[in-house]
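Working notes, beginning with the structure itself.
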Amino acid sequence: MHLSSNRLAGCCIYLPLLFISIQCAAFCTLPAPNSLKSEAIASCQFTIKWKIVAGAASYHLKYKKTASSNWTVVTLDGTTTTYTVTGLQPETSYNVKVAAVCANKDEGEYTLPSTVKTVECSIPYNVQANAISATSAAISWSAICEQVSFAIKYRKLGTSGWETISNINTSSYVLTGLNPNTSYQIKVSAKCISKSPYSTAVTFTTKGATSSKGRNVLLIIVDDARFDTYLANGGPSFFLDSNISRIATEGANFKQSFAALSMCAPSRASIVTGLYPHIHGVTDNPPTSVSDTITNITFPEILHNNGYYTGLIGKYHISQNPQPGYDYWLETHNNDYTDTQYNLNGDIINIPGHSTDVIADSAIGFLNKVPPGKPFFLWFAYHAPHTPLIPRPQDDGLFDDNTMPFPNNFEPYSKNYPQFLYDCHGAGSAEELTEFYKGYFEMLNGVSETMGKVLDQLENMHLLDSTLIIFMSDNGYLLGEHHLLEKQLAYDESMRIPIFMRYPALIPAGTKVQNQLAMNIDIAPTILDFAGINNSFGMQGISLLKMLNHTAERKELLYEFYNKECVPDIRSVRSLDYKYIKYNCSELTEEFFNLNNDPEENINQINNPDYTSLVQQYRTKLSYLRNYYQDFTWDSLYQCSLSNPQRV
592 MHLSSNRLAG CCIYLPLLFI SIQCAAFCTL PAPNSLKSEA IASCQFTIKW
642 KIVAGAASYH LKYKKTASSN WTVVTLDGTT TTYTVTGLQP ETSYNVKVAA
692 VCANKDEGEY TLPSTVKTVE CSIPYNVQAN AISATSAAIS WSAICEQVSF
742 AIKYRKLGTS GWETISNINT SSYVLTGLNP NTSYQIKVSA KCISKSPYST
792 AVTFTTKGAT SSKGRNVLLI IVDDARFDTY LANGGPSFFL DSNISRIATE
842 GANFKQSFAA LSMCAPSRAS IVTGLYPHIH GVTDNPPTSV SDTITNITFP
892 EILHNNGYYT GLIGKYHISQ NPQPGYDYWL ETHNNDYTDT QYNLNGDIIN
942 IPGHSTDVIA DSAIGFLNKV PPGKPFFLWF AYHAPHTPLI PRPQDDGLFD
992 DNTMPFPNNF EPYSKNYPQF LYDCHGAGSA EELTEFYKGY FEMLNGVSET
1042 MGKVLDQLEN MHLLDSTLII FMSDNGYLLG EHHLLEKQLA YDESMRIPIF
1092 MRYPALIPAG TKVQNQLAMN IDIAPTILDF AGINNSFGMQ GISLLKMLNH
1142 TAERKELLYE FYNKECVPDI RSVRSLDYKY IKYNCSELTE EFFNLNNDPE
1192 ENINQINNPD YTSLVQQYRT KLSYLRNYYQ DFTWDSLYQC SLSNPQRV
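What follows is the structure, given as structure tokens:
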């Protein structure tokens, strides 16, 4: 008897004459998605949309150059109905098609190939000159694709010769070395395969020197110090952090503050640029030898171009080498706290003593170097309390007789948790956690004491009340919650940070901001706003001063992380009430927490039918925020799933 080679869907066949019973495997077929269309066609990318296919566990999107036979395949989850194809060439035709995929990985029918042609390299538009000083101007423009390079031509008005600056990889550039009270013309060209024509010339006039008296800025950053450590945020009574919490009690305490990505270098790059990591490009901690990984303009550059005396003392981590926009540079991010190595204005030196003391003493020295009449900005960044926990000798054993904090939820998750979670982030024993906490507070005691010396110096110089002081951490840290000891993850203890701000003339003492979400990307626009410099540099953060006067707000935020060690890519939406986390796993892996009822994030509601509608809303919010912040791609797919999935 001949049996057809076609698959038989979910069947059991008995052939009595042959005494044969055939058990057929379940088979799934899905139709091609409807309404495939392209939009937002640029020279380097286009967006494809389609209608959802019932029963689809995922989708396969294929694209190729029309003239090529090789398809690129992208796997998307079953909730996705839009994708932006990037990295394309201008003036090139591409074919694209989409198929729904069953849970058993069987592909359904593909759509007919759609042909999309990218546009030519377009002339940059919206060319502007902003932050104009006596000797500089920040030139910005818009372009079809950020991946192209640009060239600027500029000249004094009325002259014939143009100066050209080429190979600019961002859509902004600061012209320096200009003459005061002089009119200039500028125009911009984009380069794709060939070069576009230049834009229409724009004219601007430089200014005379302006005074920023009373607008000094001191940015104090600690390392891996979570939000609930300090008395101002309900920290333990034995830790008398009077100099740290003073900034909050005499100014503003942004009680709901977060890092865009919870790691040292990516967070600091977001602080200095006002951008998400997927925009500034620092998505991991770079090696010590790297010269620089940021091509975007930074707020210290902008301040320097507007007459500020600028310095960096302590940890930068993005690079040890001096960066543009600083008059003084003393950087270290070595884990050797004692007698360690520093980069002093490009020279490698060793300075004796604990780095917590060295950094504070150097900050005082910087304040004494500020030229008379000049405003200053100082990036003042401790390495403490980053591991290894090596306190100053006078702080060692300081809290041996005190009871350390201990999490209520020290036990690991047992259901509905990401499979990879305990592969490399376990917290160890309760005794080990207690010892960790002691070292943590010992190191922060050194921070508080030495920070007090710097504040005293400002007061002695009659500069305390004319200096905006911002205290913050680069990221948080899970200290035993859910039996985890790490950052990186999208749980609050990891991503939540302190932000305190003091400037009596603008910020009333005791101000508490509890119904807004502040972020590290807000620091740069806040400082520019304070200095009276228009934020025209494409920064994605908002001014916290505007948040204080209710002219800006944030009720939801996007968190991101890129595959490292045992953790896959993460994207998360956090609001005041809920948190949705999506992991870029081979199987759909999500978490959803009700922060009102469960602020410790103990119960993942993703499989609770009562939350189905809310979960879908937050999936939509995630898509919206990723598009809004131009976060179009995942880094890589990780083999993982949800462990012990249970209906809640």
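Read in order, the letters of the sequence shown are residues 592 to 1239 in our numbering.
We put the CB at the ideal spot given by N, CA and C, even for glycine.
For residue i, tell me which candidate among the options has the shortest Cα-Cα distance.
i       : options                           : result
Phe795  : Thr889, Tyr745, Trp753            : Tyr745
Ile1114 : Ala781, Phe1027, Ile812           : Ile812
Leu969  : Ala691, His895, Gly937, Gly646    : His895
Glu630  : Ile1118, Ser763, Val687, Asn1198  : Val687
Ser757  : Val779, Asp927, Cys736, Thr767    : Val779
Asn807  : Thr620, Thr750, Gly964            : Gly964
Thr1142 : Thr929, Ala729, Asp1120, Tyr867   : Asp1120
Thr726  : Val1206, Thr683, Gly1071, Asn772  : Asn772
Ile1027 : Asp1047, Pro984, Gly1071, Leu1012 : The question names Ile, but residue 1027 is Phe in the sequence shown. It is Gly1071 whose Cα lies nearest to the Cα of Phe1027.
Thr761  : Gly1129, Cys1231, Tyr775, Gln932  : Gly1129
Gln911  : Asn770, Thr929, Ile940            : Ile940
Trp641  : Tyr650, Pro996, Glu698            : Tyr650
Tyr1219 : Gln1196, Lys782, Gln1131          : Gln1131
Asn1007 : Thr755, Asn926, Ser1234           : Ser1234
In this structure, how does DSSP classify residue i when only helix, strand and coil are distinguished?
i       : result
Glu863  : The question names Glu, yet the displayed sequence has Val at residue 863. Helix, per DSSP.
Phe1223 : coil
Cys615  : Unreliable placement is indicated for Cys615, whose pLDDT of 47 sits below 50; the coordinate value is still reported in the next sentence. Cys615: coil per DSSP, three-state reduction.
Ser1232 : coil
Lys653  : strand
Phe1032 : helix
Phe997  : coil
Thr947  : helix
Thr1058 : strand
Asn959  : helix
Ala725  : coil
Ala800  : Reliability fails at Ala800, whose pLDDT of 49 lies under 50, so the model's placement of it is uncertain and the value that follows must be treated cautiously. Three-state result, Ala800: coil.
Met1110 : strand
Lys640  : strand
Thr1203 : helix
Gln719  : strand
Pro1009 : strand
Lys688  : strand
Met1042 : helix
Glu1191 : coil
Met1063 : strand
Arg983  : coil
Arg1217 : helix
Lys1212 : helix
Phe1152 : strand
Asn824  : helix
Phe1252 : With the chain covering only 592 through 1239, there is no way to say anything about residue 1252.
Can you tell me where the alpha helix (DSSP H) with residue i in it begins and where it stops?
i       : result
Asn896  : 890-896
Asn834  : 833-840
Glu1178 : Neither: Glu1178 is in no alpha helix (DSSP H) and is coded neither H nor E.
Ile870  : 868-871
Glu711  : Neither: Glu711 is in no alpha helix (DSSP H) and is coded neither H nor E.
Glu1084 : 1083-1086
Could you please give the first and the last residue of the uninterrupted beta strand (DSSP E) stretch that includes residue i?
i       : result
Met854  : Per DSSP, Met854 belongs to no beta strand (DSSP E) and is neither H nor E.
Glu746  : Just to set this straight, residue 746 is Arg in the shown sequence, not Glu. 740-747 is the span of the beta strand (DSSP E), which, as asked, contains Arg746.
Ile939  : 938-941
Met1138 : Per DSSP, Met1138 belongs to no beta strand (DSSP E); it is in the alpha helix (DSSP H), 1135-1139.
Met1092 : 1090-1093
Ser629  : 628-630
Trp1243 : Nothing in the structure corresponds to residue 1243, since the chain is present only between 592 and 1239.
Per the DSSP calculation, residue i is bridged to which residue(s)?
i       : result
His1052 : As written in the sequence, residue 1052 is Met, which differs from the His given in the question. Bridge partners of Met1052: none, in fact.
Lys786  : Lys782
Glu1077 : Leu1069
Phe845  : Val1104
Asp668  : Ser649
Leu769  : Per DSSP, none; premise fails for Leu769.
Ala972  : Ile812, Gly905
Tyr775  : Lys747, Phe795
Ile730  : Ala720, Tyr764
Glu1147 : Ser1166
Indicate, with yes or no, if the ligand NAD has a heavy atom lying under 7 Å from the CB of residue i.
i      : result
Leu627 : This structure simply doesn't include the ligand NAD, nor any ligand for that matter.
Exercise for review: Determine, using beta-carbon pairs with one atom in the region 840-856 and one in the region 808-828, whether at least three such pairs fall under 8 Å.
Suggested key: Result yes; three or more Cβ-Cβ pairs closer than 8 Å.
Review point. Taking three-plus beta-carbon pairs below 8 Å as touching, is the region 716-733 in contact with the region 653-663?
Key: Judged by Cβ distances under 8 Å, the region 716-733 makes no contact with the region 653-663, as fewer than three pairs qualify.
Check your understanding: Are three or more beta carbon pairs between the region 1149-1161 and the region 913-924 nearer than 8 Å?
Key -> Between the region 1149-1161 and the region 913-924 there are fewer than three inter-stretch CB-CB distances shorter than 8 Å, so the stretches are not counted as touching.
Practice item. Tell me, please, whether the region 1066-1084 touches the region 1008-1026 by the rule of three or more beta-carbon pairs shorter than 8 Å. Key: Per the Cβ contact rule, the region 1066-1084 is in contact with the region 1008-1026 (3 or more Cβ pairs under 8 Å).
Review point. For the 8 Å Cβ check, are there 3 or more pairs between the region 854-874 and the region 1097-1109?
Key: The region 854-874, when compared against the region 1097-1109, does not touch it at the 8 Å Cβ threshold.
Check your understanding: Can you find at least 3 beta carbon pairs, one from the region 1054-1062 and one from the region 1078-1097, that sit closer than 8 Å?
Key -> At 8 Å Cβ cutoff, the stretches touch.
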